[in-house]
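Chemist:
There are 4 protein chains.
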Amino acid sequence: MSNHTFRIVLDCPDQVGIVTRVGEVITNNGGWITEAAHHSDEDSNWFFSRIEVKADSLPFGAKELKSKLESLRDELSLNLEVLDTAQPKRVVLMASKGSHCLSDLLDRWKSGDLECDIPCVISNHDDMRSLVEWYGIPFFHVPIKADNKQAGFDEVERLIMEHEADCVVLARYMQIIPETLCQKLKHKVINIHHSFLPSFIGAKPYHQAARRGVKLIGATCHYVTEELDEGPIIDQDVTHVSHRETIEDLVRRGKDVEKTVLARGLRAHLEDRVLVHGNKTIVFN
Amino acid sequence: MSNHTFRIVLDCPDQVGIVTRVGEVITNNGGWITEAAHHSDEDSNWFFSRIEVKADSLPFGAKELKSKLESLRDELSLNLEVLDTAQPKRVVLMASKGSHCLSDLLDRWKSGDLECDIPCVISNHDDMRSLVEWYGIPFFHVPIKADNKQAGFDEVERLIMEHEADCVVLARYMQIIPETLCQKLKHKVINIHHSFLPSFIGAKPYHQAARRGVKLIGATCHYVTEELDEGPIIDQDVTHVSHRETIEDLVRRGKDVEKTVLARGLRAHLEDRVLVHGNKTIVFN
Amino acid sequence: MSNHTFRIVLDCPDQVGIVTRVGEVITNNGGWITEAAHHSDEDSNWFFSRIEVKADSLPFGAKELKSKLESLRDELSLNLEVLDTAQPKRVVLMASKGSHCLSDLLDRWKSGDLECDIPCVISNHDDMRSLVEWYGIPFFHVPIKADNKQAGFDEVERLIMEHEADCVVLARYMQIIPETLCQKLKHKVINIHHSFLPSFIGAKPYHQAARRGVKLIGATCHYVTEELDEGPIIDQDVTHVSHRETIEDLVRRGKDVEKTVLARGLRAHLEDRVLVHGNKTIVFN
Amino acid sequence: MSNHTFRIVLDCPDQVGIVTRVGEVITNNGGWITEAAHHSDEDSNWFFSRIEVKADSLPFGAKELKSKLESLRDELSLNLEVLDTAQPKRVVLMASKGSHCLSDLLDRWKSGDLECDIPCVISNHDDMRSLVEWYGIPFFHVPIKADNKQAGFDEVERLIMEHEADCVVLARYMQIIPETLCQKLKHKVINIHHSFLPSFIGAKPYHQAARRGVKLIGATCHYVTEELDEGPIIDQDVTHVSHRETIEDLVRRGKDVEKTVLARGLRAHLEDRVLVHGNKTIVFN
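Protein chains in written order, with this note's numbering: chain A, 1 to 285; chain B, 1001 to 1285; chain C, 2001 to 2285; chain D, 3001 to 3285.
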């Protein structure tokens, strides 16, 4: 199990000695650091760190490692998490009728390229059921009705909780998540927006792009917050387009960017490389 | 002079026979087409074309070629231009204190990589004088004073006219061009905006970008119109940035994109590859 | 059927009047050109053209259009094809155990983003059968045995012929196609090679890339010829990699480039945008 | 001087406790870490680290910091360097007739975007003298004669030594550096090669690229070693090209990639982000 590691992810007010204090806890217990990155943000005077330690170099598990590090919590005002790569995150996918992101993620997962469990897929349409079930994953059709969205989202929330999701991915799920659910799942819901935010916030970004005559279209992977399309950005990318391309072409071309950026952002999240501070992310890639 | 060509650039309401009618004029006079591109825009039902003809395959010059094509003008409601590559465009550069775009364009020009004449550089600051003069190009310092911008821009206009500019390039010229000048030089003034428009319109786009926590920064080359940052886009590009980068880093990183995109957009313009229709461009690259 | 077009694709020795002669045939029959591109290659003195004509603007079909254009064939020494977009190309996919390219193409096809028919998938392994069959496409398992490859490829050839393939796509099919089959299917077999050719020709390119310590990995979509990895290149792309990435990471990262480039190259081929001349392609994108 | 830092760059056989042992030396002296990155290479079982410490958080300078860290040298078999950002590296530029890389670097330097001193420029041609001197930098014309290259390179070596160069940049210097000089300046000479290595090693890579019909051209920034074009790669990039582009176009298009990649690679080197291990680099970007 040479790739079995514990990941220490922390942030705190910046000060002298953080790296060393944390390092001592690791080293005094024989911990072998395989990768580490630290960042100090000058504007906010805040410190961020991600450290991977070989699991078999320590005489104990992730929980005890965390409890040992907790001794520093008060002193350093730490936000602290210790993740165990032997416990893959549980990712609930949410989709609508469009298949490109969903199909892409499922293929990555089945190929072993996405280290997570997918306990279920939830959709407001039934179209993708048989594909999802082909992958051996339970599929729940939860319609969101215009006249009673709350009922639908109550069921969505129930399913997310029941499946003990660590993370929810909106793989082109076309509904707006209610505020209360956003708050309950803070920094746990990942969305792919089909524009290079903050360009073209809101509906039909490809139509907006065509109208403006842009020469690039893009996609943005971000954490969902109460404010639509305003959450912390994890990753973005763009592709060149020309005058020849119709709106249908832009939509099709955009799909390629969307699925690539979503997969990349999700991977960073699954590898615990993304720390959120205010409305920004630190991504230790 | 095997690369000496005439470039026919035209647009008109779409209909049957345009390519052939124009082609007949060329062929009946022995014209040898080296490159051609046609585009029909479905939404506006408009047709665009760019055709290069070997100059020495015709028994006459660009003017006579144009007058022969003019016979079709009424019939087809043509907008028509015929350009002669033996007559390089006259490009007036306008700059401020920043050197990156100006220095880049001057080096390209001196290396023979930018086919144009540069009759002069105009700046509202004197900083770049000696570099410009090192390149053997006249430099005019025209201050734009907050309490009398019009006087400055009157002088700018006079210089542009005196130097018979075909095209004006705002190479990070930090002043807003007055409406009347924009109208007089319609589709002849090229600007480089330091963001991926329509993101971050207006002042200090890198500060806006840092605040939003974007993972890409960009630049946009566009024709200047009366509405700030709203003119037809010629080219755009972006580069990835990370949490580590401060605003100063973004500014520095952005310079690379700005100068690359400006040079690319200007080249397309100089090669008569850019046709404007409403607020969009057709770029026959 | 406003998008129903005929595509005229031709190449011939360069000379005066080609565009016009062809244009006259189109126009004299009322043909409405929606898009056209011409290219004259100076080195080889050869001319290439691709013209799309609205089908309903002509009083006849693609066959008759072709026969009318054939009148020019001898005179201009034309290589000529006329394609009818109402007759989607028949694309046989060949795959092995890896799913990323296959799954990507199938999703694009089912979403209507890839205009072709897929009469069958052929594989030397049975692993992908149920996924392919989920898409409603016949799957043929044709093992290629080390001691009798010819028998396998005889069956492959029989299936390709039986399914009247216009085009064969090697979607990470890990076998080398025999010379005789390459010759029979000249410019009809598209391969995706997992390196930025001509770097790392042959086996295990990601291992070669890791050994050399490159900072980019890539993929190349090309027509298959008798010489391994030497066929005309249709499209290529790369992605940045870092010291942190192991060979397994490179393989995984490379998959993204492979599937994107293959889909892009195949699309260009399906839209009849790719002309082959010697060992190079003209791609009218 | 809030940006004044000391940079600790080290590598050693991997083992438990390196980060912490080094961290203790820093912290026990009040050192404030602003950024740090560690990497453990599994294949070679080697450890790499780069740590930035605020200079004014320590009661002493870079030299004493280094001598304190040297106490660990034997124990950990460290390769160790401590750099002081208040002492900019001295970079000797070498150029030939082409101006694009040289002009680009000089503009960056003058704009304050490249933190280094440039004590002189050496060239085997006199063409760039007046531009270099315009920037206030001494220029040395050292011809390299075909019948006595050694005499030229002796003078080059003398100038490099006399100007106490920390680093030499071959900004499209078209001569091959002699083996003995390569060895004396190991990992201190940075070259920009005009292809995406290992494609098109050796002379006239753009001609090779045109012949192969590639759809991307690139550039590679690498340390010079005795084996031509085989040194450790620092950075690479590419740009798309089309069938329309002649060799002259490729050369021109390539210049943009060359100057961008060289500037990026040099910046990484100047910021002490590049560690060399065997024939590969670790780049802590």
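We put the beta carbon where it would ideally sit given N, CA and C, even for glycine.
Please classify C/F2196: is it buried, with 16 or more other beta-carbons within 10 angstroms of its beta-carbon, or exposed?
Modeler: Buried.
Chemist: To which residues of the same chain is B/V1238 closer than 7 Å at the C-beta, ignoring the five residues directly before and after it?
Modeler: Counting only Cβ-Cβ distances below 7 Å, and skipping sequence neighbours, we find F1196, L1216, I1217, G1218, V1257.
Chemist: State the start and end residues of the unbroken beta strand (DSSP E) segment that holds A/D11.
Modeler: Looking at the DSSP string, the run of the beta strand (DSSP E) that includes A/D11 is 5-13.
Chemist: Below 8 Å on the Cβ atoms is my guess for B/F1139 versus B/L1159; work out the distance and round it to an integer in Å.
Modeler: The Cβ separation is near 11 Å, so there is no contact.
Chemist: Does the CB of B/L1131 have a neighbour CB from chain D at under 8 Å?
Modeler: With 8 Å as the cut-off, B/L1131 counts as an interface residue toward chain D.
Chemist: Determine whether the Cβ of D/W3046 lies closer than 8 Å to any Cβ atom of chain A.
Modeler: It does not; no Cβ of chain A falls within 8 Å.
Chemist: Between A/Q236 and chain B, is there a C-beta pair that is closer than 8 Å?
Modeler: Yes, A/Q236 counts as interfacial toward chain B.
Chemist: Can you tell me whether DSSP reads D/G3218 as helix, strand or coil?
Modeler: Strand.
Chemist: Between which two residues does the alpha helix (DSSP H) holding D/W3109 run?
Modeler: Unbroken alpha helix (DSSP H) run through D/W3109: 3100-3110.
Chemist: At least one CB of chain B closer than 8 Å to the CB of A/T281: is that the case?
Modeler: Yes, because at least one Cβ of chain B sits closer than 8 Å to the Cβ of A/T281.
Chemist: Looking at the secondary structure, which residues open and close the beta strand (DSSP E) in which D/N3045 lies?
Modeler: Run containing D/N3045: none; DSSP gives neither H nor E here.
Chemist: State yes or no: is the beta carbon of D/S3099 nearer than 8 Å to at least one beta carbon in chain B?
Modeler: With 8 Å as the cut-off, D/S3099 counts as an interface residue toward chain B.
Chemist: Looking only at C-alpha atoms, which of C/L2072, C/D2127, C/S2199 sits nearest to C/S2099?
Modeler: Looking at the Cα atoms, C/D2127 is the closest of the given residues.
Chemist: Considering only the alpha carbon of each residue, which of B/P1205, B/K1255, B/P1178, B/H1194 lies closest to B/T1225?
Modeler: Ranking the options by Cα distance to B/T1225, first place goes to B/P1178.
Chemist: What's the call for A/G112, buried or exposed, on a 16-neighbour Cβ count within 10 Å?
Modeler: Classification for A/G112: exposed.
Chemist: Taking only the alpha-carbon atoms, compute the straight-line gap between D/K3097 and B/S1103 and give it to the nearest angstrom.
Modeler: Cα to Cα, D/K3097 sits roughly 18 Å from B/S1103.
Chemist: DSSP on D/E3052, reduced to helix/strand/coil?
Modeler: Note: D/E3052 maps to strand in three-state DSSP.
Chemist: When you compare the CB of B/P1198 with every CB in chain A, is at least one pair closer than 8 Å?
Modeler: Yes - at least one Cβ of chain A is within 8 Å of the one on B/P1198.
Chemist: Quick one: what does DSSP say A/M161 is sitting in, helix, strand or coil?
Modeler: In the structure shown, A/M161 sits in a helix (DSSP, three-state: H, G or I).
Chemist: Leaving out five residues on either side along the sequence, give the residues of the same chain with a beta carbon under 6 Å from the beta carbon of B/R1129.
Modeler: Same-chain partners within the cutoff: F1139.
Chemist: Got a sec? Which residues, its chain only, sit under 8 Å from B/R1267 by beta carbon, not counting five neighbours each side?
Modeler: L1114.
Chemist: Mapping DSSP to helix, strand and coil, what is D/E3081?
Modeler: The answer is strand: DSSP assigns D/E3081 an E or B state.
Chemist: Return the chain-ordered ranges of every beta strand (DSSP E) run that is complete within the stretch 2122-2182 of chain C and spans a minimum of 3 residues.
Modeler: For the stretch 2122-2182 of chain C, whole beta strand (DSSP E) runs of length 3 or above, ordered along the chain, are 2139-2141, 2167-2170.
Chemist: Does the CB of D/T3027 have a neighbour CB from chain B at under 8 Å?
Modeler: Judged by the 8 Å Cβ criterion, D/T3027 is not in contact with chain B.
Chemist: Excluding the 5 residues preceding and the 5 following C/V2132 in the sequence, name in chain order all residues of the same chain whose CB lies nearer than 6 Å to its CB.
Modeler: Once the five neighbours on either side are set aside, the close Cβ partners of C/V2132 are V2121, F2139.
Chemist: Quick check: is the beta carbon of A/G213 nearer than 8 Å to any beta carbon in chain B?
Modeler: It does; some Cβ of chain B falls within 8 Å.
Chemist: Counting only Cβ pairs nearer than 7 Å, list the residues of chain B close to A/H39.
Modeler: Within 7 Å Cβ-Cβ: H1243, R1244.
Chemist: Note the first and the last residue of the continuous beta strand (DSSP E) segment covering D/D3235.
Modeler: Element bounds for D/D3235: 3233-3240.
Chemist: Tell me which same chain residues have a C-beta within less than 7 Å of the C-beta of C/L2250, skipping the five on either side of it?
Modeler: These residues qualify, in order along the chain: Y2206, A2209, A2210, I2217, V2241.
Chemist: Just checking, does the stretch 1007-1026 of chain B make contact with the stretch 31-38 of chain A on the three C-beta pairs under 8 Å criterion?
Modeler: At 8 Å Cβ cutoff, the stretches do not touch.
Chemist: Comparing alpha-carbon positions, which option in A/I51, A/H39, A/H38, A/F284 lies nearest A/I26?
Modeler: Minimum Cα distance to A/I26 is reached at A/I51.
Chemist: Alpha carbon to alpha carbon, how far is D/E3227 from C/V2261?
Modeler: Going by the C-alpha atoms only, they are around 33 Å apart.
Chemist: With DSSP collapsed to three states, give me the class of B/D1113.
Modeler: Coil at B/D1113, not helix or strand.
Chemist: When the Cα atoms are used, what is the spatial distance from C/T2277 to D/D3154?
Modeler: The residue you asked about is not Thr; residue 2277 of chain C is His in the sequence shown. Cα to Cα, C/H2277 sits roughly 50 Å from D/D3154.
Chemist: Just the Cα atoms here: how many angstroms apart are D/M3001 and D/H3194?
Modeler: For D/M3001, the predicted structure reports a pLDDT of 39, less than 50, and the residue's modelled location is therefore unreliable. A value from the coordinates is still provided. Approximately 39 Å, taken between the alpha carbons.
Chemist: Using a Cβ cut-off of 7 Å, pull out every chain D residue sitting near A/V19, in sequence order please.
Modeler: Neighbours of A/V19 on chain D, chain order: G3023, I3033, A3036.
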